[in-house]
Amino acid sequence: MTTSHKSPAYAAQSATTPLAHATIDRRDPGPTDVQFEILFCGVCHSDLHTARGEWPGITFPVVPGHEILGRVTKVGAKVKNFKPGDLAATGCMVDSCRTCDHCKSGLEQFCTAPATFTYNSPDPHFPGKMTYGGYAKTITVDEHFVLRVPENLDPAGAAPLLCAGITTYSPLKHWKCDEKRPDGQPKKVGIVGLGGLGHMGLKFAHAFGCRTVLFTTSPGKADDARRLGADEVVISRDEDAMAKHAGSFDFILNTVAASHNLDAYTNLLRVDGTLCLVGVPENPHPSPQVFPLIFGRRRIAGSLIGGIPETQEMLDFCGKHNITCDIEMIDIKDINTAYDCMLKSDVKYRFVIDMATLA
Ligand code: NAP
Ligand code: ZN
Ligand code: ZN
Numbered sequence: 114m115t116t117s118h119k120s121p122a123y124a125a126q127s128a129t130t131p132l133a134h135a136t137i138d139r140r141d142p143g144p145t146d147v148q149f150e151i152l153f154c155g156v157c158h159s160d161l162h163t164a165r166g167e168w169p170g171i172t173f174p175v176v177p178g179h180e181i182l183g184r185v186t187k188v189g190a191k192v193k194n195f196k197p198g199d200l201a202a203t204g205c206m207v208d209s210c211r212t213c214d215h216c217k218s219g220l221e222q223f224c225t226a227p228a229t230f231t232y233n234s235p236d237p238h239f240p241g242k243m244t245y246g247g248y249a250k251t252i253t254v255d256e257h258f259v260l261r262v263p264e265n266l267d268p269a270g271a272a273p274l275l276c277a278g279i280t281t282y283s284p285l286k287h288w289k290c291d292e293k294r295p296d297g298q299p300k301k302v303g304i305v306g307l308g309g310l311g312h313m314g315l316k317f318a319h320a321f322g323c324r325t326v327l328f329t330t331s332p333g334k335a336d337d338a339r340r341l342g343a344d345e346v347v348i349s350r351d352e353d354a355m356a357k358h359a360g361s362f363d364f365i366l367n368t369v370a371a372s373h374n375l376d377a378y379t380n381l382l383r384v385d386g387t388l389c390l391v392g393v394p395e396n397p398h399p400s401p402q403v404f405p406l407i408f409g410r411r412r413i414a415g416s417l418i419g420g421i422p423e424t425q426e427m428l429d430f431c432g433k434h435n436i437t438c439d440i441e442m443i444d445i446k447d448i449n450t451a452y453d454c455m456l457k458s459d460v461k462y463r464f465v466i467d468m469a470t471l472a
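So this is what it looks like as structure tokens:
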């Protein structure tokens with residue numbers, strides 16, 4: 114029988130109620146589980162979409178948070194890689210079937226079972242209940258879904274790597290942005306939106322040696338974008354500035370959290386170029402035009418976080434290159450205000466909750 118303990122948390126009781134104090138049950142560690150005290154939790158725009166009921170299939174109450182970093186407090190008897198006192202982290206998934214083709218190839222996010230996401234998934238350990246995320250004091254996760262954080266990284270700045278980091282690293286790697294073009298030139302990569310995901314996309318594309326262009330609706334972010342690795346900044350509402358880049362990009366990663374016209378970006382791709390969507394807006398984008406796609410064999414694709422082996426690879430890459438997120442630390446009581454700032458694109462560039470402020 115699963116035994117459990119109580120953990121303080123912050124929950125949304127409905128789509129229209131602000132997040133507030135709650136108490137949740139967490140299971141005590143089973144043989145392969147790691148329990149940790151959460152030190153920091155990043156604030157992803159997906160947390161906001163979920164807490165405010167913007168996506169279908171949300172069951173309240175919701176405890177958001179999937180950029181979770183903490184210190185191990187207990188481990189089960191069969192846990193091999195973690196011991197009390199270690200730094201540990203968990204991202205968007207806490208379980209999957211481990212037997213389907215996708216799980217076996219390290220793409221647990223595409224598990225056919227499907228994967229158990231860190232929040233708002235049916236919780237196999239508490240039948241009838243949903244999983245609760247990282248806006249909480251403790252969490253218990255199967256070792257397979259616990260990541261090692263390089264000790265040289267600032268832990269608060271490392272927490273958002275668990276979603277913002279892997280969600281941008283994975284598509285940049287999948288579309289081989291870390292490799293040169295056949296003519297030996299670096300790939301030309303665009304990042305759309307300078308928020309939590311976008312600023313990490315910029316850092317990775319720069320670290321991979323790409324020629325990087327940041328598309329933003331916020332002229333005030335241009336200097337930061339250059340500091341974060343952009344070779345060029347384009348204000349996406351300036352049609353002339355956009356037209357100068359027509360037909361030139363190998364890859365564009367679109368992180369925008371709101372519905373917008375995608376043709377503006379498909380037109381900027383080279384032949385065989387890819388526009389990859391990672392933003393999941395509440396309302397659909399207008400249907401893209403067919404002409405820019407067929408004249409150029411261009412693609413619109415999507416990408417979902419990344420598997421566990423690649424998430425560890427990304428963390429190790431960040432350790433080696435000393436890459437963390439640019440964060441604004443907040444107290445848990447300020448989470449609702451932080452959401453309002455995110456909606457105004459006013460965050461530099463990821464809010465992280467100092468979980469010591471959760472009593
Ligand atoms: P964020 O920090 O709020 O950044 C989103 C950025 O989009 C803003 O900073 C802004 O950049 C731009 N933007 C916002 N409204 C816009 C509008 N109306 N038109 C054009 N640009 C706009 O959000 P995030 O945490 O990076 O998340 C971004 C999206 O990715 C969310 O929808 C989230 O749910 C999704 N997501 C997907 C995955 C996945 O696996 N696919 C994983 C995590 C998150 P500028 O100010 O520079 O224009
Ligand atoms: Zn996220
Ligand atoms: Zn599976």
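With the working numbering, the residue at position 192 of the sequence shown is 305, and numbering never jumps. Backbone N, C-alpha and C define an ideal beta-carbon position, used for all residues, glycine too.
Contact under 8 Å by Cβ, residue i with residue j
{"i": "R463", "j": "V156", "result": "yes"}
{"i": "V207", "j": "K196", "result": "no"}
{"i": "D385", "j": "R410", "result": "yes"}
{"i": "A135", "j": "A124", "result": "yes"}
{"i": "H398", "j": "H373", "result": "yes"}
{"i": "C216", "j": "C205", "result": "no"}
{"i": "V175", "j": "T163", "result": "yes"}
{"i": "H287", "j": "S416", "result": "yes"}
{"i": "H158", "j": "G322", "result": "no"}
{"i": "T172", "j": "V254", "result": "no"}
Nearest-angstrom Cβ-Cβ length linking residue i and residue j, presumed shorter than 8 Å
{"i": "I108", "j": "A320", "result": "Since the first residue shown for the chain is 114 and the last is 472, residue 108 is missing from the structure and cannot be characterised."}
{"i": "M468", "j": "K250", "result": "7 Å"}
{"i": "L327", "j": "I304", "result": "5 Å"}
{"i": "Q222", "j": "G420", "result": "6 Å"}
{"i": "P405", "j": "D376", "result": "6 Å"}
{"i": "L315", "j": "G342", "result": "5 Å"}
{"i": "V391", "j": "P284", "result": "7 Å"}
{"i": "S120", "j": "R139", "result": "5 Å"}
{"i": "L161", "j": "M355", "result": "With a Cβ gap of about 28 Å, L161 and M355 do not count as contacting."}
{"i": "I137", "j": "C154", "result": "Contact doesn't hold; Cβ gap of about 14 Å is too wide."}
Spatial distance of residue i from residue j (CA atoms)
{"i": "R339", "j": "T281", "result": "18 Å"}
{"i": "T116", "j": "H238", "result": "10 Å"}
{"i": "Y245", "j": "E426", "result": "26 Å"}
{"i": "H358", "j": "T387", "result": "15 Å"}
{"i": "T424", "j": "C431", "result": "11 Å"}
{"i": "D336", "j": "D353", "result": "21 Å"}
Cβ-based burial, residue i [other Cβ within 10 Å; buried from 16]
{"i": "H179", "result": "buried"}
{"i": "R294", "result": "exposed"}
{"i": "N380", "result": "buried"}
{"i": "M442", "result": "exposed"}
{"i": "V369", "result": "buried"}
{"i": "F149", "result": "buried"}
From the options, residue whose alpha carbon lies closest to that of residue i
{"i": "R324", "options": "T172, G420, S361", "result": "S361"}
{"i": "P299", "options": "F364, F258, T330, V259", "result": "F364"}
{"i": "Y248", "options": "A122, Q402, L152, D141", "result": "A122"}
{"i": "V192", "options": "E167, F258, L182, F230", "result": "F258"}
{"i": "V188", "options": "G308, K446, G198", "result": "G198"}
{"i": "I252", "options": "K242, A201, T225, N265", "result": "A201"}
{"i": "L152", "options": "A272, S218, I137", "result": "A272"}
{"i": "A228", "options": "D214, C210, G219", "result": "C210"}
{"i": "A414", "options": "S159, G308, L366", "result": "L366"}
{"i": "L132", "options": "D453, D459, P332, L428", "result": "D453"}
{"i": "V465", "options": "C389, E167, I445", "result": "I445"}
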